[in-house]
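Colleague: Starting off with a structure, shown below.
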Amino acid sequence: MEGYMVSARKYRPMTFDTVVGQGALTTTLKKSIQTGHLAHAYLFCGPRGVGKTTCARIFAKIINCMSPTADGEACGVCESCMAFNEQRSLNIYELDAASNNGVEEIKKLIEQTRIPPQVGKYKVFIIDEVHMLSNQAFNAFLKTLEEPPHYVVFILATTEKHKLLPTILSRCQIYDFNRMTVKDTVAHLQQVAEKEGITAEPEALAVIAEKADGGMRDALSIFDQVAAYCDGNITYKQTIANLNVLDYDYYFKLVDYFLEQKIPDIIATYNEIVNKGFEGSHFIAGLNAHLRNLLMCRDQKTTQLLDTNDDVRQRYYEQAQKCKPQFLYSAIRKCTDCDINYKLSQNKRLLVEITLIEVAQLTQDDGVSAGRRPAKRLKPLFNRAAVKTSVAAAPAVVSAKPAAAGATVAAQQPQPVINVEAKFDQENLTRAIKLYSQTLPQGGMRVHLFNCVPNIVGDHAFEITVDNPAIEAQLRQYVPPLTKYVKNILKMQALDVKIKVVSFTPKTVLTKAQLYAKMKEKNPALAILEKEMQLHV
Ligand SMILES: [Zn+2]
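First residue of the sequence shown: 165, per this note's numbering; consecutive thereafter.
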């Protein structure tokens, strides 16, 4: 079987032309090489995963190439290029300052600069995350950075330019890398998918690109994750399920309901979203982003500012034409209030529901005064049909601090209680833990919790099994936030999270005599029997 290689490595660009989304920058670099205007120190700045180290390696390869092509790329076949391709070139030296930030490492690097290259013309020293170097290391480095041997080129890379001392900045030619746009990322993922023989819906790739937030390396690793889950055919539905992203269809649907003032439908839709395990604050933030996108799409000119694919942009444009700007302003204001008050609210769900109702009420007046009318003008909120579908029971608890002026009036009316599926069973619990895991930084615990199968051991307790004490110790730290999170999602008053360590010690095999001794220990009557019957065992 062919070894599996993650896409971020397999499709790492080998030439400037294949670097995605940094066109202007790679062109400038190429020109400076072609004209022989090399600086002795470069600083590559920009967010993670946008190609800084990749460009540094390509750069090192080109300036050492024995017969560069006419358009300034490396030939890929000369002795030096081969050495680069096979990662055995002695002309490139990489130091990751995030993990090697001491003065010793820098001294080793400086020693290396004293030895001229054997093959090729330049020795290139790449220092990644250069802002992490200790002060002592910086000081040791400064002199060499200022006057390196003529065959040395330094390429410093950083995600945090502002942390660098002016003495460093002033010695380098600075290149700022862009975040990737969704469009560029989608186009690249599409190519990777084709090479891998995977079909992918553009909407699905757009979701991946948005999730990666401007980093290609992240986009590719999310792509790998989704591809494995989708089994060769990446669909939008499967992607949002796998990445736990709320389907933007919900937002389109809700805005249509707002415009038609279909309040029961709005509440029912929100209920569906809550039942899928999405948190109210995420939902409101998403709705706010949707409304902002609509505002952008009121005009064809600003529609281009929307960083998404063309089909989705067209949908935004069409919906935007139905919304008056005043409605969008006021709706965004209400959602922003809700977002701010969310943390403080005692009854978060009610807060969101009231906000949604208020937004729908905005459209009942003519657009010009929408949002400024006093709340007493509110229409009856629910018709009979809506009440019938709800579970009668107790009225919802009214928060001590209503979010907005209008909330008071609405809250005084008896609130129909929506049937909440947030219950403590295997399925909901597993889903809640998975959701929690996605709030953690990338790493072992995130993966561990995502894949864990909890065991319900009581009305308000569950157990997570781990197979060694080291993981147990790590997991313990996550128990308080995990408990809080799960309690919140499943609407539980109390919850006890236990960790069980199961060690896989092999079973000892007992001899017959040992087995008998054990049985005797358990059942003393055997000893008596043995004596009475004068058995010889
Ligand atoms: Zn070459």
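Quick reminder that beta carbons are idealized off the backbone N, C-alpha and C, glycines included.
Since the structure is predicted, the reported quantities are computational estimates derived from the model, not experimental observations.
Among A203, G210, T433 and T192, whose alpha-carbon lies nearest the alpha-carbon of K325?
Modeller: That would be G210, whose Cα lies nearest to the Cα of K325.
Colleague: Could you tell me the distance, in whole angstroms, from the CA atom of A637 to the CA atom of T345?
Modeller: If I take the Cα positions, the gap works out to 41 Å.
Colleague: State the DSSP-derived secondary structure class of V573, mapped to helix, strand or coil.
Modeller: Because V573 carries a pLDDT of 36, less than 50, the predicted location of this residue cannot be relied on, and no value is offered for it.
Colleague: Is A234 near ligand 3, going by C-beta to nearest heavy atom under 7 Å?
Modeller: Summarising the ligand content, the structure contains ligand 1 and does not contain ligand 3.
Colleague: Identify every run of the beta strand (DSSP E) within the region 435 to 469, keeping only runs that are complete inside it and at least 3 residues long; order them along the chain.
Modeller: Correct list: empty.
Colleague: Closer than 7 Å to a non-hydrogen atom of ligand 1 - does that hold for the CB of V241?
Modeller: True, at least one ligand heavy atom lies under 7 Å from that Cβ.
Colleague: In chain order, what residues of the same chain lie with their CB nearer than 6 Å to the CB of K552, ignoring the 5 residues before and after it?
Modeller: In this prediction, K552 has a pLDDT of 36, which is less than 50 and means its spatial position is unreliable; nothing more can be read from the coordinates.
Colleague: Return the residue from the list Q355, S601 and H612 that minimises the CA-CA distance to F387.
Modeller: F387 has its Cα closest to that of Q355, out of Q355, S601 and H612.
Colleague: Measure the C-alpha to C-alpha separation of K327 and D260 and round it to an integer number of angstroms.
Modeller: The alpha-carbon atoms of K327 and D260 are separated by roughly 16 Å.
Colleague: Any heavy atom of ligand 1 within a distance shorter than 7 Å of the CB on A637?
Modeller: The answer is no for A637.
Colleague: Would you kindly work out how many angstroms separate the C-alpha atoms of E237 and T179, rounded to a whole number?
Modeller: Approximately 6 Å, taken between the alpha carbons.
Colleague: Rounded to the nearest angstrom, what separates V661 and L613 at their Cα positions?
Modeller: Each residue's alpha carbon lies about 13 Å from the other.
Colleague: Among residues of its own chain, excluding the 5 on either side of E293, which ones have a beta-carbon nearer than 8 Å to its beta-carbon?
Modeller: Around E293: D260, A261, A262, A321, T322 and T323.
Colleague: What's the call for G379, buried or exposed, on a 16-neighbour Cβ count within 10 Å?
Modeller: Buried, by the Cβ-count rule.
Colleague: Quick one: what does DSSP say Y257 is sitting in, helix, strand or coil?
Modeller: Three-state DSSP puts Y257 in a strand.
Colleague: Can you say whether I448 is buried or exposed, counting buried as having 16 or more other CB atoms within 10 angstroms of its CB?
Modeller: Burial call: buried.
Colleague: Return the first residue and the last residue of the beta strand (DSSP E) that T629 is part of.
Modeller: It spans A625 to V630 - the beta strand (DSSP E) in which T629 sits, taken as one unbroken run.
Colleague: Suppose you measure from the CA of P580 to the CA of F422; what does that come to, to the nearest Å?
Modeller: Any answer about P580 is weak, because its pLDDT of 34 lies below 50 and its placement is not dependable; what the coordinates show is given next. Distance between the alpha carbons of P580 and F422: 19 Å.
Colleague: Candidates S298, H446, S196 and G213: which alpha carbon is nearest V409's?
Modeller: Of the candidates S298, H446, S196 and G213, the one whose C-alpha sits nearest the C-alpha of V409 is H446.
Colleague: For my contact list, I372 and T399 are in at a C-beta cut-off of 8 Å; report their separation, rounded to the angstrom.
Modeller: Contact flag wrong, Cβ pair sits at about 12 Å.
Colleague: Quick check on N249: does DSSP put it in helix, strand or coil?
Modeller: Three-state DSSP puts N249 in a helix.
Colleague: Consider the C-beta atom of M230 and the heavy atoms of ligand 1; say whether any pair is separated by less than 7 Å.
Modeller: Answer for M230: yes, Cβ within range of ligand 1.
Colleague: Can you list, in chain order, the residues of its chain whose CB lies under 6 Å from that of I620, leaving out five sequence neighbours each side?
Modeller: Here the set comprises F626.
Colleague: By the 10 Å Cβ neighbour count, where 16 or more other Cβ atoms means buried, how is D340 classified, buried or exposed?
Modeller: With fewer than 16 other Cβ atoms within 10 Å, it is exposed.
Colleague: Looking at A370 and V390, is the spacing between their C-beta atoms short of 8 Å?
Modeller: The answer is no: Cβ separation not under 8 Å.
Colleague: Take the Cβ of R548 as the centre, count every other Cβ of all protein chains shown within 10 Å, and call the residue buried at 16 or more, exposed below.
Modeller: Low per-residue confidence applies at R548: pLDDT is 38, beneath 50, and the placement is therefore not dependable, though the value from the model is reported in the following sentence. Exposed, because fewer than 16 other Cβ atoms sit within 10 Å of the Cβ of R548.
Colleague: Unbroken beta strand (DSSP E) runs of length 3 or more, entirely within the region 282 to 362: which are they?
Modeller: You should have 287 to 292, 316 to 322 and 337 to 340.
Colleague: Mapping DSSP to helix, strand and coil, what is K488?
Modeller: Note: K488 maps to coil in three-state DSSP.
Colleague: Determine, using beta carbons only, whether G444 and K507 come nearer to each other than 8 Å.
Modeller: No. Outside cutoff.
Colleague: Using only alpha-carbon positions, find the residue among Q300, I290, N255 and F302 that is nearest to P280.
Modeller: Cα-wise, what sits closest to P280 is N255.
Colleague: Residues in its own chain within less than 7 Å of K671 by CB, not counting five upstream and five downstream?
Modeller: Confidence at K671 is low in this model, with a pLDDT of 49, below 50, so the placement of that residue is unreliable and no value is reported for it.
Colleague: What is the rounded straight-line gap between the Cα of D411 and the Cα of A172?
Modeller: Answer to the nearest angstrom: the Cα atoms are 27 Å apart.
Colleague: Tell me the rounded alpha-carbon separation between Q657 and F588.
Modeller: Whole-angstrom Cα-Cα distance: 11 Å.
Colleague: I believe I290 touches T217 by the beta-carbon criterion, under 8 Å. Please report the beta-carbon distance rounded to the nearest angstrom.
Modeller: Their Cβ separation, rounded to whole angstroms, is 7 Å, which keeps I290 and T217 in contact under 8 Å.
Colleague: Cα separation between E258 and T331?
Modeller: Rounded to whole angstroms, E258 to T331 spans 22 Å at the Cα level.
Colleague: Could you round the C-beta distance between V476 and E367 to whole angstroms and report it? I think they count as a contact, below 8 Å.
Modeller: Rounded, the Cβ-Cβ distance is 7 Å, consistent with contact.
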